[in-house]
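Residue numbers (UniProt numbering): 1 to 85.
Put into C-alpha coordinates, the structure is as follows:
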(Lines of atoms letter the chains of each structure in order from A and count residues from 1; the text may use other names and numbers.)
(Lines give C-alpha, C1' and ligand atoms only; values in the text may rest on other atoms or scores of the structure.)
Protein backbone atom coordinates (compact mmCIF):
# COMPACT_ATOMS: atom_id res chain seq x y z
CA UNK A 1 0.00 0.00 0.00
CA UNK A 2 1.30 3.46 -0.87
CA UNK A 3 2.20 5.95 1.83
CA UNK A 4 -0.49 8.35 0.57
CA UNK A 5 -3.11 5.62 0.92
CA UNK A 6 -1.87 4.88 4.45
CA UNK A 7 -2.14 8.58 5.27
CA UNK A 8 -5.69 8.60 3.89
CA UNK A 9 -6.62 5.61 6.06
CA UNK A 10 -5.29 7.34 9.19
CA UNK A 11 -7.02 10.59 8.27
CA UNK A 12 -10.34 8.77 7.81
CA UNK A 13 -9.89 6.98 11.17
CA UNK A 14 -9.57 10.36 12.90
CA UNK A 15 -11.99 12.58 11.02
CA UNK A 16 -14.69 10.42 9.39
CA UNK A 17 -17.63 11.02 8.90
CA UNK A 18 -17.31 14.82 8.83
CA UNK A 19 -14.23 14.75 6.58
CA UNK A 20 -13.61 12.40 3.68
CA UNK A 21 -10.76 12.25 1.20
CA UNK A 22 -10.02 10.52 -2.11
CA UNK A 23 -6.60 10.03 -3.67
CA UNK A 24 -6.45 11.55 -7.15
CA UNK A 25 -2.75 11.23 -7.97
CA UNK A 26 0.48 10.25 -6.25
CA UNK A 27 4.11 10.31 -7.28
CA UNK A 28 7.34 10.74 -5.34
CA UNK A 29 7.08 14.55 -5.23
CA UNK A 30 3.35 15.21 -5.29
CA UNK A 31 0.12 13.96 -3.74
CA UNK A 32 -3.25 15.25 -4.98
CA UNK A 33 -6.39 14.54 -2.99
CA UNK A 34 -10.02 15.64 -2.97
CA UNK A 35 -11.60 16.54 0.36
CA UNK A 36 -15.36 16.35 0.77
CA UNK A 37 -18.05 15.93 3.39
CA UNK A 38 -19.57 18.22 6.00
CA UNK A 39 -16.20 19.79 6.76
CA UNK A 40 -16.41 21.60 3.40
CA UNK A 41 -19.06 23.87 4.90
CA UNK A 42 -17.10 24.95 7.97
CA UNK A 43 -14.73 27.84 8.54
CA UNK A 44 -12.05 25.39 9.68
CA UNK A 45 -11.75 23.49 6.41
CA UNK A 46 -8.11 24.53 5.91
CA UNK A 47 -7.22 22.94 9.24
CA UNK A 48 -8.18 19.58 7.72
CA UNK A 49 -5.69 20.20 4.89
CA UNK A 50 -2.98 20.85 7.49
CA UNK A 51 -4.00 17.76 9.47
CA UNK A 52 -3.64 15.61 6.36
CA UNK A 53 -0.22 17.17 5.65
CA UNK A 54 0.98 16.25 9.15
CA UNK A 55 -0.27 12.68 8.76
CA UNK A 56 1.43 12.45 5.35
CA UNK A 57 4.67 13.67 6.92
CA UNK A 58 4.42 11.07 9.67
CA UNK A 59 3.89 8.31 7.11
CA UNK A 60 6.67 9.36 4.73
CA UNK A 61 9.14 10.85 7.24
CA UNK A 62 9.48 13.76 4.77
CA UNK A 63 8.41 17.41 4.81
CA UNK A 64 5.44 18.40 2.65
CA UNK A 65 3.74 21.69 1.88
CA UNK A 66 0.33 22.63 0.57
CA UNK A 67 1.15 23.93 -2.87
CA UNK A 68 -2.36 24.94 -3.90
CA UNK A 69 -6.02 24.15 -3.47
CA UNK A 70 -9.25 25.00 -5.22
CA UNK A 71 -12.93 24.46 -4.70
CA UNK A 72 -14.47 22.27 -7.38
CA UNK A 73 -17.97 22.65 -8.81
CA UNK A 74 -19.15 19.54 -6.97
CA UNK A 75 -18.31 21.15 -3.60
CA UNK A 76 -15.10 19.19 -3.11
CA UNK A 77 -11.72 20.78 -2.51
CA UNK A 78 -8.76 19.56 -4.57
CA UNK A 79 -5.48 19.99 -2.68
CA UNK A 80 -1.99 19.54 -4.08
CA UNK A 81 0.71 18.58 -1.58
CA UNK A 82 4.31 18.97 -2.76
CA UNK A 83 7.37 17.42 -1.14
CA UNK A 84 9.86 20.01 0.12
CA UNK A 85 13.34 19.59 -1.30
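Note that the Cβ used here is the ideal one computed from N, Cα and C, for glycine as well.
It should be emphasised that the depicted structure is a prediction, and the values quoted were computed from it without experimental measurement.
The alpha-carbon separation between residue 25 and residue 32 amounts to approximately 5 Å. Nearest to residue 41 by C-alpha distance, out of 55, 14, 75 and 27, is 75. With a cutoff of 8 Å on beta-carbon distance, residue 51 and residue 77 are scored as not near each other. Of the candidates 6, 72 and 79, 79 places its Cα closest to the Cα of residue 48. For the set 37, 30 and 59, the Cα lying nearest the Cα of residue 85 is the one of 30.
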